[in-house]
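One gets our numbering by counting positions in the sequence shown from 1 and adding 117 to each.
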Amino acid sequence: MARKKIALIGAGMIGGTLAHLAAMRELGDIVLFDIAEGMPQGKALDISQCGPVDGFDASLKGTNDYADIAGADVVIVTAGVPRKPGMSRDDLLGINLSVMKAVGAGIKANAPDAFVICITNPLDAMVWALREFSGLPHNKVVGMAGVLDSARFATFLAQEFKVSVRDVNAFVLGGHGDTMVPVTSYTTVSGIPVDDLVKMGRSTRERIDEIVTRTRGGGGEIVALLKTGSAYYAPATSAIAMAEAYLNDQKRILPCASYVEGKYGLDGLYVGVPTVIGAGGAEEVIEIALDDEAKGNLQVSVDAVKELLEACKAIDGDL
Ligand code: TXD
């Protein structure tokens, strides 16, 4: 069987990290595409030279030509401009919308059978726009945010409870932004709900609320520290988990920005929901029961996403 092909559109900080991780895990051969000339070629060469040391078999190619992504099994999109300190995700809208238009056309023409994972911010709007521009089926285009947001939530909770991160199963719903909805009632430590751990005196409601607030601002915290650019190690690791679930038909239930029509009372938009990822792409959106507080928070998040979609439509007449 021929190796799988992973195309990375955008070879910046996340794109380069994705290429390194995909090579080390031997997910397949890797194509790094960017509009910057030389940079994807340089990164491909550098990473390919890890191979003899690390012992992985993966060919890497850097390119500025969409023809090189032909037949890709997975396409991961990070192309665009990252947030700078003081800049909100929404400020990025106009610039990154035009990038999605070019990328959507490139995927449509060269890799129409791929499973596409969008990472570019503002995420919930960009994944929707990319789907529109590429014309791929909704189940083959998803956004990465929830895996990262729940990893941040899990990291902080593991620190709070002084337990292994492996035992924390954190649950985050909604849009990727300050309105995301970390749901403590579905968040567990080795099966024990966080709310029960609070009752057992292992933390306090106030501490958990602080952790929820820190999770919501998790991206901004890193942007402020880095001063140039935004997080890339954990975002890349999160997208790789989604790509692996698809390539290996794992049927993992991962929080993804998926197209939701009907469930959660939504009528056709991309937002973060638990999604079964397998060989069929986003195979199923899982609808869970939410208490009134979580429902209200999800609505705020959905309203924020809808506002962004309206702004996209106002900018680009094709949408
Ligand atoms: O959870 C999440 N979804 C995110 C999203 C978490 C962290 C960062 N997130 C967003 O990912 C961030 O706000 C950005 O929109 C993307 C990519 O972040 P990265 O840190 O990798 O940005 P870089 O290093 O600036 O890389 C972007 C690359 C850069 O090399 C540009 O030359 C290239 O994108 N670029 C393009 N490539 C192809 N085609 C076009 N049109 C293009 N325009 C820019």
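Just so you know, even glycine gets a beta-carbon here, dropped at the ideal spot from N, CA and C.
Computed from a prediction, not measured in an experiment: that's the story for all the values here.
Between Phe232 and Ser302, the alpha-carbon positions lie close to 32 Å from each other. Annotation: the continuous beta strand (DSSP E) that includes Ile147 extends over 146-150. For Lys368, the three-state secondary structure derived from DSSP is coil. In its chain, beyond the 5 residues on either side, Val282 have a beta carbon closer than 7 Å to the beta carbon of Thr272. For the pair Leu144 and Lys160, the CB atoms are not nearer than the 8 Å cut-off.
8 Å or more divides the Cβ of Leu383 from the Cβ of Trp245. Contact between Ala136 and Ile164 holds: CB atoms are separated by about 5 Å, below the 8 Å threshold.
For the pair of segments examined, the segment 177-196 was found to touch the segment 214-230: the number of CB pairs separated by less than 8 Å reaches three.
Approximately 6 Å separates the beta-carbon atoms of Leu415 and Leu290; this is inside 8 Å, confirming the contact. The continuous stretches of alpha helix (DSSP H) do not include Lys178, which lies in the beta strand (DSSP E) extending over residues 177-180. For Glu277, no beta strand (DSSP E) encloses it; the enclosing alpha helix (DSSP H) starts and ends at 263-278.
Inclusion of Gln158 and Gly179 in the CB contact set at 8 Å is warranted, their separation being smaller than that value.
With at least 16 other beta carbons inside 10 angstroms of its own, Val300 counts as buried. Look at the beta carbons and you see the segment 337-345 not touching the segment 304-320: under three pairs across the two are nearer than 8 Å.
Sixteen is the threshold: when 16 or more other Cβ atoms of the shown chains lie within 10 Å of the Cβ of Arg248, as they do, the residue is buried.
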